[in-house]
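Novice: Quick one: this structure, given as structure tokens, is what I'll be asking you about.
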Amino acid sequence: MTEQLTNIDQKLFEILETVSDPEIPVLSIMEMGVVRSAKLINGIVEVEITPTYSGCPAMDVIGDDIKAAFQQKGYEAKVELILSPAWTTDWITPKGRAALEKYGIASPLSESADKEALLGNKKLVKCPQCGSLNTKLVSQFGSTACKAFFQCEDCLEPFDYFKCLK
Amino acid sequence: MNNNLIQYIYGIADNSLILGQRLGELCGHGPSLETDIAMTNISLDLFGQVRSYFQYAAKLIGGDATEDTIAFLRKEREYKNVLLVEQPNQDFANSIARQFLFDVYHLLVLEELQNSNDETLSAIAKKSIKEVSYHSRFSSDWIRRLGDGTEESHYKIQAAINDLWIFTDELFHQTNADKAMVADGIGVDVTLLKVNYFKKVSEILEEATLQIPTIEYFQKGGKQGIHSEHMGYLLAQMQYMQLAYPNMNW
């Protein structure tokens, strides 16, 4: 597991926690692990975020939402996008993974299990609706860059699987 | 301003930009919903990577340059992508063959670019490689499925590989900017990737029961800005909005 090193002011943390991922509204950006640092410098909040996927359109919205959240609390905020170290699904917190499952998105497996599942070799992705492992890959690419599309062969529900990114 | 570095960035980023544009053309036109979404997802990843490269180039150029002016306002000969990526979509086999032949190369370049002395390029490579590994898995998978599929799918993917093979040698040509950047420890020496490239491509073609083309004449020019007849049409469509409505925004 890639360790997540962040540098976030505690009182800023609480405000950042209120900002959610626009495409997965149940997940706060803190649970998503995209905030690298947040510091109050000369009265201005400076936040560094890292993109999940390079082309993820949610990143622009997240930047704007962070600024708006701080503005509401009377802070001016600057948001910078940084690429290094590159984001990994390991940085999604346990609370975040539980929120994903509850929302109907299967959370990322380990790197090796992910590969087996996405090549269709083994049935390892658990249906977030009924918990069955009898699921099949429908498409390697799903509704957003971070997800693949699966279907449960027991309850027949289609669902998204959050791909492992390492 | 380091002109060689800027040209070097164009050389890498334009491949992703132009291929991204080609894949974007398939939006709503893929042979099935899943492949349609897959191709446009790959396009999105590529555009995301291009934005990082061009934001960096814009900083190096300074003045009024932005990622958008670089992407949309250059003349045809200022684009330095390889000929392979500008080749038009024909049938699905053709788009997959183009993707496969590029993905294998792209992955090899990024693996090396991770070690660049240039921190920004190294960071972009480390980020992109995660996405491109997945693209490569997708396109290799389809090469196998089509090659080892029905008589017709086999015939079509073989024809597509044969057609596009002529553009593979150019991937390993060095420009002057390439040479300067390799000397500075910033760029990737693409000539060293050639053996490994053809080895990997051949392995997958063999698995897919496909023939490895044997031709002796290869096409080149894109890296010097001399493009095929398809490029003008692609740019006309891609640049239309910025030319008709300068500086327009979403």
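Chains F and X, in that order, give the protein sequences.
When the letters of the first sequence are read in order and numbered with my numbering, they come out as residues 1204 to 1369.
When the letters of the second sequence are read in order and numbered with my numbering, they come out as residues 61 to 310.
Built from N, CA and C at the ideal position, the CB exists for glycine as well.
(1) Who does F/C1355 pair with in a DSSP beta bridge?
(2) When you compare the CB of F/C1355 with every CB in chain X, is at least one pair closer than 8 Å?
(3) Please list the partners that X/D105 has in chain F, where partner means a Cβ-to-Cβ separation under 8 Å.
(4) Along the chain, where does the alpha helix (DSSP H) containing X/R111 start, and where does it finish?
(5) Residue range of the beta strand (DSSP E) that F/Y1364 falls in?
(6) For F/F1344, go through chain X and note every residue whose CB falls closer than 7 Å to its CB, in chain order.
(7) Following a CB-centred definition, is F/D1317 positioned closer than 7 Å to any heavy atom of the ligand ZN?
(8) Tell me whether X/Q369 is buried or exposed, calling it buried when 16 or more other Cβ atoms sit within 10 Å of its Cβ.
(9) For F/V1189 versus F/D1268, is the C-beta spacing smaller than 8 Å?
(10) Does the separation of the CB atoms of F/V1282 and F/G1258 fall below 8 Å?
(11) Taking only three categories from DSSP, how would you classify F/E1279?
(12) Got a sec: is the Cβ-Cβ distance from X/A73 to anything in chain F below 8 Å?
(13) Hey, how far is the Cα of X/V248 from the Cα of F/P1254?
(14) Please list the residues of the segment 197 to 219 of chain X that have a C-beta atom closer than 8 Å to any C-beta atom in chain F, keeping them in chain order.
(15) Give me the DSSP bridge partner(s) of F/L1284.
(16) If the criterion is Cβ atoms closer than 8 Å, does the pair F/Q1354 and F/K1339 meet it?
(17) By a C-beta neighbour count over all protein chains shown, 10 Å radius and 16 as the cutoff for buried, is F/M1204 buried or exposed?
(18) Less than 8 Å between the CB atoms is what I'm expecting for F/K1369 and F/E1314, so what's the real figure, rounded?
(19) Strictly under 8 Å for the Cβ-Cβ distance: is F/V1237 near chain X by that measure?
(20) Is X/T269 closer than 8 Å to X/H214 when the C-beta atoms are compared?
(21) I need the DSSP call for F/D1224, collapsed to helix, strand or coil.
(22) Within the same chain, show all residues whose beta-carbon is closer than 7 Å to that of F/D1212, passing over the 5 residues directly before and after it, in chain order.
(23) Quick check on F/A1309: does DSSP put it in helix, strand or coil?
(24) In chain order, what residues of the same chain have a beta carbon less than 6 Å from the beta carbon of X/F232, not counting five sequence neighbours either side?
(25) Got a sec? Which residues, its chain only, sit under 7 Å from F/C1333 by beta carbon, not counting five neighbours each side?
(26) Under 8 Å between beta-carbons, which chain F residues line up against X/Q109? List them in chain order, please.
(27) Going by other Cβ atoms of all chains shown within 10 Å of its Cβ, with 16 needed for buried, is X/Q271 buried or exposed?
(28) Can you find a C-beta in chain F that's less than 8 Å from the C-beta of X/E191?
(29) Can you find a CB in chain F that lies within less than 8 Å of the CB of X/S112?
(30) At a CB distance below 7 Å, what residues from the segment 156 to 179 of chain X approach chain F? Give them in sequence order.
(31) What does the alpha-carbon distance come out to for the pair X/G88 and X/N64?
(32) By the DSSP assignment, the alpha helix (DSSP H) with F/V1238 in it spans what residues?
(33) Could you say which of F/I1285, F/K1270, F/E1226 lies nearest to X/K186 if we only look at CA atoms?
(34) Where do the ends of the alpha helix (DSSP H) carrying X/V192 lie?
(35) At a Cβ cut of 7 Å, what residues of the segment 1273 to 1297 of chain F count as close to chain X, listed as they run along the chain?
Specialist: So, from the listed chains and residues:
(1) Position 152 of the first sequence holds residue 1355 of chain F. DSSP lists F/T1338 as the bridge partner or partners of F/C1355.
(2) Within the first sequence, residue 1355 of chain F is the residue found at index 152, counting from 1. Taking CB atoms only, F/C1355 has no neighbour in chain X less than 8 Å away.
(3) Reading the second sequence from its first residue, position 45 is the one you call residue 105 of chain X. The contact set of X/D105 on chain F, defined by CB atoms closer than 8 Å, consists of Y1256, S1257, G1258, A1348 in chain order.
(4) One-based indexing of the second sequence puts residue 111 of chain X at position 51. Here the alpha helix (DSSP H) through X/R111 covers 93 to 121.
(5) Within the first sequence, the letter at position 161 stands for residue 1364 of chain F. Its beta strand (DSSP E) spans residues 1361 to 1365.
(6) Here residue 1344 of chain F is taken as the residue at index 141 of the first sequence, counted from 1. Per Cβ cutoff of 7 Å: I97, A98, N101.
(7) No copy of the ligand ZN occurs in the structure displayed, which carries no ligand at all.
(8) Because chain X here runs from 61 to 310, residue 369 of chain X falls outside it and cannot be looked at.
(9) Past the boundaries of the shown model lies residue 1189 of chain F; chain F is included only from 1204 to 1369, so the question cannot be answered.
(10) Numbered from 1 along the first sequence, position 79 holds the residue referred to as residue 1282 of chain F. Numbered from 1 along the first sequence, position 55 holds the residue referred to as residue 1258 of chain F. No; because the gap between Cβ atoms is not below 8 Å, this pair is not in contact.
(11) The count along the first sequence starts at 1 and reaches residue 1279 of chain F at position 76. F/E1279 carries a strand assignment under DSSP once its states are collapsed to helix, strand and coil.
(12) Residue 73 of chain X sits at position 13 when you count from the first residue of the second sequence. It does not: the Cβ of X/A73 has no partner Cβ on chain F nearer than 8 Å.
(13) Here residue 248 of chain X is taken as the residue at index 188 of the second sequence, counted from 1. Here residue 1254 of chain F is taken as the residue at index 51 of the first sequence, counted from 1. Near 25 Å, if we compare the C-alpha coordinates of F/P1254 and X/V248.
(14) So the list reads R197, F198, D201, given in the order they occur along the chain.
(15) As a first step, residue 1284 of chain F is located in the first sequence; it is residue number 81 there, counting from the start. According to DSSP, F/L1284 bridges with F/I1252.
(16) Locating residue 1354 of chain F in the first sequence gives position 151, where the first residue counts as 1. Locating residue 1339 of chain F in the first sequence gives position 136, where the first residue counts as 1. Note that the C-beta distance between F/Q1354 and F/K1339 is below 8 Å.
(17) The residue given as residue 1204 of chain F occupies position 1 in the first sequence. Note that F/M1204 has pLDDT 48, beneath the 50 cutoff, so the model's placement of it is unreliable and no number is given.
(18) Taking the first residue of the first sequence as 1, we reach residue 1369 of chain F at position 166. Taking the first residue of the first sequence as 1, we reach residue 1314 of chain F at position 111. Indeed, because the Cβ distance is near 5 Å, the residues count as touching under 8 Å.
(19) Stepping through the first sequence from its first residue, residue 1237 of chain F is reached at position 34. No, F/V1237 does not count as interfacial toward chain X.
(20) Within the second sequence, residue 214 of chain X is the residue found at index 154, counting from 1. Within the second sequence, residue 269 of chain X is the residue found at index 209, counting from 1. Yes, they are a contact pair.
(21) Translated into the one-based positions of the first sequence, residue 1224 of chain F becomes position 21. Under the three-state reduction of DSSP, F/D1224 is assigned to strand.
(22) Within the first sequence, residue 1212 of chain F is the residue found at index 9, counting from 1. Excluding positions up to five away in sequence, the list reads A1241, K1242, L1243.
(23) Taking the first sequence and counting its residues from 1, the one referred to as residue 1309 of chain F is at position 106. In the structure shown, the three-state DSSP call for F/A1309 is strand.
(24) Within the second sequence, the letter at position 172 stands for residue 232 of chain X. Its chain contains V250, T251, K254 as the residues whose beta carbon lies nearer than 6 Å to that of X/F232, once the 5 sequence neighbours on both sides are disregarded; these appear in chain order.
(25) Taking the first sequence and counting its residues from 1, the one referred to as residue 1333 of chain F is at position 130. Result list for F/C1333: C1355, D1357, C1358, in chain order.
(26) Stepping through the second sequence from its first residue, residue 109 of chain X is reached at position 49. Those within 8 Å of X/Q109 in chain F are S1257, G1258.
(27) On the second sequence, residue 271 of chain X is found 211 positions in, with the first residue counted as 1. It counts as exposed.
(28) As a working mapping, residue 191 of chain X is identified with position 131 in the second sequence. When Cβ-Cβ separations below 8 Å define contact, X/E191 makes contact with chain F.
(29) Numbered from 1 along the second sequence, position 52 holds the residue referred to as residue 112 of chain X. True, the Cβ-Cβ gap to chain F drops below 8 Å.
(30) The segment 156 to 179 of chain X vs chain F, Cβ under 7 Å: nothing.
(31) In the second sequence, residue 88 of chain X corresponds to position 28, counting from 1. In the second sequence, residue 64 of chain X corresponds to position 4, counting from 1. Computed Cα separation, rounded: 39 Å.
(32) What you label residue 1238 of chain F is simply residue 35 of the first sequence in a count that begins at 1. Careful: F/V1238 lies outside any alpha helix (DSSP H), inside the beta strand (DSSP E) at 1238 to 1244.
(33) Position 126 of the second sequence, counted from the start, is the residue given in the question as residue 186 of chain X. That would be F/I1285, whose Cα lies nearest to the Cα of X/K186.
(34) The residue you call residue 192 of chain X lines up with position 132 of the second sequence. Annotation for X/V192: the continuous alpha helix (DSSP H) segment containing it runs 179 to 207.
(35) Flagged, chain order: L1286, S1287, A1289.
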